[in-house]
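The structure appears right after this line, and notes come after that.
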Ligand code: ACO
């Protein structure tokens, strides 16, 4: 199974017939032996509970901080082979989807399991397009943020606020209601994101335009000036943004998705669950890394300073990181980074070359030869080059993670729908190893 976190399909028994899909465990404390079934390359943690030193013993648990080796669900959505650098949505290679599909087609694929035919596609696009408006009170809520509020903070807060505008979202066991919330969520996120940007710029909001595609409409809401007639986003930039949306749409059980499933498992409505997932994505070790990459490139300032920066990272022993490098799952090139790097040239041919690209290329060149990075299998991840493209499209650095969150909503919702239909799932509730004080007598305040 190597380091892939996605379970391979169950293997058939070997021809010799002597192999059993089971793990034998001998507890050296008691001398007792146990046999635990293996299915899909895993044992069930609950099967360890029978292993006890005596009847009063709680039973053995597995300890896995940060879920380094724990599968929390069975999923049919996204497959990753971290060693080989493979990413597939519903069985389709990410590069093929990026080349041939629109983001909305891919969102449909993630949610429904197959690519839409023409009729399904047109209905789907219509339903998303006709849910893009947000309630005027939600717009007023956005007005109350400070001019310098971080766009991710605004986005997270307004997504959570949607829960109060759509109380029917609580009908999570009704598939019709779930579908409605899915339309709303995927349709309205770009509107919220664009309004957050316009608010931070002190500019009037631009309402959605139903004649435009998903990505075109988003760029229109971001950049159209009230006085400018006939503004049309550059088709090359629309295409680039759409590809970036496809690449970011899902990534199996990462930190944000684990939060989505965790909140969803408590049967909260999808708006607050997406708000929680977006909060996780905001972190600089997760989707917030794209913002950090640009800050890092600006701090380095020139190609000549790259070796000194790499030295600082290595001497920092984990304190200072090369942002946009490394991944919990990929121990090879992140296929998304490879696609983005190729696409950068097309974007820069329209926008002009981003001067920070040379610094990024030099960082990558040196890091890929350096023992420190090679030994730890640290390669560029999706965030390493995406920020350069966002910057070239004139997106402010603080809004980069917002652009990650927009498409990830389709993945989060697909994972949430799968969770709710999985009879094995229950409220997520990890165990702990308690290392604190034993019982002690209470001491009144004047005696402490
Ligand atoms: N720069 C320098 N050293 C690094 C980096 C990095 N970017 N990433 C990992 N390392 C080192 C660690 O210091 C550690 O070294 P050690 O073994 O000497 O202690 C070793 O590599 C393993 O690192 P971990 O932190 O244990 O790996 P983990 O799987 O927990 O972390 C993560 C993965 C968070 C992505 C990490 O590589 C990182 O911080 N990268 C930079 C932030 C980033 O780009 N995040 C975006 C990830 S993609 C996404 O979320 C969309």
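Numbering (our numbering), first residue to last: 74 to 521.
Beta carbons: idealized from backbone N, C-alpha and C, even for Gly.
Please read all numbers here as calculations on a predicted model, not as lab measurements.
Where the beta strand (DSSP E) containing residue i begins and where it ends
i	result
residue 105	105-110
residue 151	151-154
Distance, residue j Cα to residue i Cα
i	j	result
residue 93	residue 164	29 angstroms
residue 215	residue 288	22 angstroms
residue 346	residue 211	18 angstroms
residue 467	residue 310	11 angstroms
residue 104	residue 138	28 angstroms
residue 294	residue 371	28 angstroms
residue 305	residue 285	9 angstroms
residue 364	residue 460	7 angstroms
residue 497	residue 367	42 angstroms
residue 195	residue 181	11 angstroms
residue 213	residue 340	29 angstroms
residue 406	residue 158	6 angstroms
residue 455	residue 410	4 angstroms
residue 465	residue 296	14 angstroms
residue 428	residue 434	11 angstroms
residue 520	residue 126	41 angstroms
residue 353	residue 91	46 angstroms
residue 377	residue 404	28 angstroms
residue 162	residue 234	30 angstroms
residue 189	residue 267	28 angstroms
residue 343	residue 123	36 angstroms
residue 413	residue 128	57 angstroms
residue 400	residue 130	38 angstroms
Any non-hydrogen atom of ligand 1 within 7 angstroms of residue i CB
i	result
residue 214	no
residue 362	yes
residue 142	no
residue 223	no
residue 395	yes
residue 456	yes
residue 327	yes
residue 386	yes
residue 449	yes
residue 473	no
residue 204	no
residue 399	yes
residue 476	no
residue 358	yes
Residue burial classification, residue i (beta-carbon count within 10 angstroms, cutoff 16)
i	result
residue 79	The pLDDT assigned to residue 79 is 48, lower than 50, so where the model puts this residue is not dependable; a value taken from the coordinates is nonetheless given after this. By the neighbour-count rule (16 or more Cβ atoms within 10 Å), residue 79 is buried.
residue 389	exposed
residue 24	Residue 24 is absent from the structure shown; the chain starts at 74 and stops at 521.
residue 96	exposed
residue 509	exposed
residue 452	buried
residue 375	exposed
residue 85	For residue 85, the pLDDT reaches just 46, beneath the cut-off of 50, and the residue's location in the model is therefore unreliable, leaving the point undetermined.
residue 361	buried
residue 132	exposed
residue 438	exposed
residue 338	buried
residue 270	buried
residue 87	For residue 87, the pLDDT reaches just 49, beneath the cut-off of 50, and the residue's location in the model is therefore unreliable, although a value from the coordinates is still provided. With fewer than 16 Cβ atoms within 10 Å of its Cβ, residue 87 is classed as exposed.
residue 480	buried
residue 334	buried
residue 290	buried
residue 248	exposed
residue 494	exposed
residue 257	buried
residue 82	Annotation note: pLDDT 42 at residue 82 (below 50); position unreliable, no value reported.
residue 317	buried
residue 325	buried
Segment limits, alpha helix (DSSP H) that includes residue i
i	result
residue 245	Where residue 245 is concerned, there is no enclosing alpha helix (DSSP H), given that its DSSP letter is neither H nor E.
residue 227	224-238
residue 421	408-424
residue 372	362-373
residue 336	328-338
residue 192	191-202
residue 441	Where residue 441 is concerned, there is no enclosing alpha helix (DSSP H), given that its DSSP letter is neither H nor E.
residue 280	Segment: none, residue 280 is in no alpha helix (DSSP H) and carries neither H nor E.
residue 318	308-320
residue 474	473-493
Cross-strand partners of residue i (DSSP beta bridge)
i	result
residue 96	109
residue 398	453
residue 160	153
residue 166	161
residue 115	112
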